[in-house]
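See below for the structure under consideration.
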Amino acid sequence: MSMFLPEGNLLATEENQLYINNPDKLREAMVKGKILEAKALLCDRGHNLRLSLGGMNAVIPREEGAIGIREGTVRDIAVISRVNRPVCFVVTDITLDENGNPLAVLSREKAQRMCFDNYIDTLIAGDIIDAKVSRLETFGVFADIGCGIAALMPIDTISVSRIVHPRERFSAGMNIKAVVKSIENGRICLSHKELLGTWQQNAESFFAGETVTGIIRSIESYGSFVELAPNLAGLAEPYPDIEEGMQVSVYIKSIIPKKMKIKLIIIDTFENRTLPKPPKYFINGEHISRFTYSPEDSGRLIETVFE
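Going by this note's numbering, the first residue of the sequence shown is number 20, and it counts up by one from there.
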């Protein structure tokens, strides 16, 4: 696991709490250049973030709020949006404010540059990393991969089973795993479906003759595709008055690995929508070079090659 965690994951740790609540330890952290975390209490009129560290006032000056603020390549919303949220930082100075009280001067930008130089710049395609969902858009998910640095996970890389919106898989603040799909001009693109198991691995959790729950993902003239797991769907016979996203109970008629087919019969429908559950991962290593989704004897080759 990287020492450069998504923002919020360091906040409650015993070591972090020890440093941010003790002035002597805070000075020690300054000397060591240690990355710490605390919650931003407000953003003043100058767009400086204000914090409190064990009773000591602290400030992250606007230009130190994020990489790109000083250069004007990043908008101030990157700072404003951190209010009431954890922010990472390094302590750059402990001085006195205008009233003669101790004031810790902090830099989030320096923490982010440390993360880039010592972690993100070392990543290659196929690396499996920790991430934290920060924002959901129709086209994909922005995930914090360390110190508030965001990477995009396009919607078509979230799972094999197609979804209309990422909120069907994730919620903001959810800790997930991700695979580095590509790196171009310092921008990292993520993928996720390769960690959710092959067709065979998912199919082994189901048996013909069972009745299980599923979610309708698409409706065709010849039937509907029902998701049984994020990386597994089956075809159900036509059924009246159904909608995409609807929960159903389905009877499994047959499972045919050679054809990558699961035949289903819809038994009942339910209007309620479920909240996204934490993903189940089938790969727990640190790197994957190739992911082959299709069974060996299926006659089809569906795979991802990371280069």
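Note that the Cβ used here is the ideal one computed from N, Cα and C, for glycine as well.
Using DSSP's beta-bridge definition, name the partner residues of residue i.
i           : result
residue 196 : 149
residue 98  : Per DSSP, none; premise fails for residue 98.
residue 191 : According to DSSP, residue 191 bridges with nothing at all.
residue 135 : In the DSSP output, where bridge partners are listed per residue, residue 135 has none listed.
residue 324 : 309
residue 173 : 159
residue 37  : Residue 37 pairs with nothing; no bridge assigned.
residue 58  : 105
residue 154 : 161
Only counting the same chain, and skipping five residues up and downstream in sequence, which positions put a Cβ closer than 6 Å to that of residue i?
i           : result
residue 179 : 212 and 250
residue 246 : 180, 233, 234, 236 and 252
residue 23  : 134, 138, 165 and 166
residue 327 : Outside the displayed range of the chain (20 to 326) lies residue 327, so it cannot be described from this structure.
residue 111 : 124 and 126
residue 256 : 242 and 284
residue 95  : 66
residue 240 : none
Residues in its own chain within less than 8 Å of residue i by CB, not counting five upstream and five downstream?
i           : result
residue 202 : 142, 143, 144 and 208
residue 63  : 69
residue 322 : 309, 310, 311, 312 and 313
residue 109 : 48, 49, 52, 53, 54, 55, 125, 126, 129, 130 and 133
Report back the beta-carbon spacing between residue i and residue j to the nearest angstrom; my notes put them in contact at under 8 Å.
i           : j           : result
residue 284 : residue 263 : Residue 284 to residue 263, Cβ: 19 Å. No contact.
residue 151 : residue 140 : Not quite, the Cβ-Cβ distance comes to about 20 Å (not below 8 Å), so this is no contact.
residue 84  : residue 68  : 6 Å
residue 304 : residue 195 : About 16 Å separates the two Cβ atoms, so there is no contact after all.
residue 415 : residue 268 : Absent from the structure is residue 415, since the part of the chain shown begins at 20 and ends at 326.
residue 21  : residue 149 : 7 Å
residue 289 : residue 265 : 7 Å
residue 226 : residue 271 : 7 Å
Counting only the same chain and skipping the five closest in sequence on each side, list residues whose C-beta sits under 7 Å from that of residue i.
i           : result
residue 44  : 37 and 38
residue 131 : 85, 86, 166, 167 and 168
residue 157 : 184
Tell me, please, whether the segment 175-184 touches the segment 115-127 by the rule of three or more beta-carbon pairs shorter than 8 Å.
no
Any 3 or more C-beta pairs closer than 8 Å across the segment 212-224 and the segment 298-309
yes
Should the segment 76-90 be called in touch with the segment 116-125, which here means at least 3 C-beta pairs below 8 Å?
yes
Below 8 Å, how does it come out for the segment 52-66 and the segment 97-114: are there three or more Cβ pairs, yes or no?
yes
Within the segment 184-256, note down every full alpha helix (DSSP H) run reaching 4 residues or more, in order along the chain.
218-222
Decide yes or no for the touch test of the segment 261-281 against the segment 311-324: beta carbon pairs closer than 8 Å, at least 3 of them.
yes
Please go through the segment 257-292 and give each complete beta strand (DSSP E) segment of 3 or more residues, from N-terminal end onward.
266-275 and 280-289
Of all the beta strand (DSSP E) runs that stay within the bounds of the segment 61-126, which reach a length of 3 or more residues?
68-72, 75-79, 105-115 and 121-126
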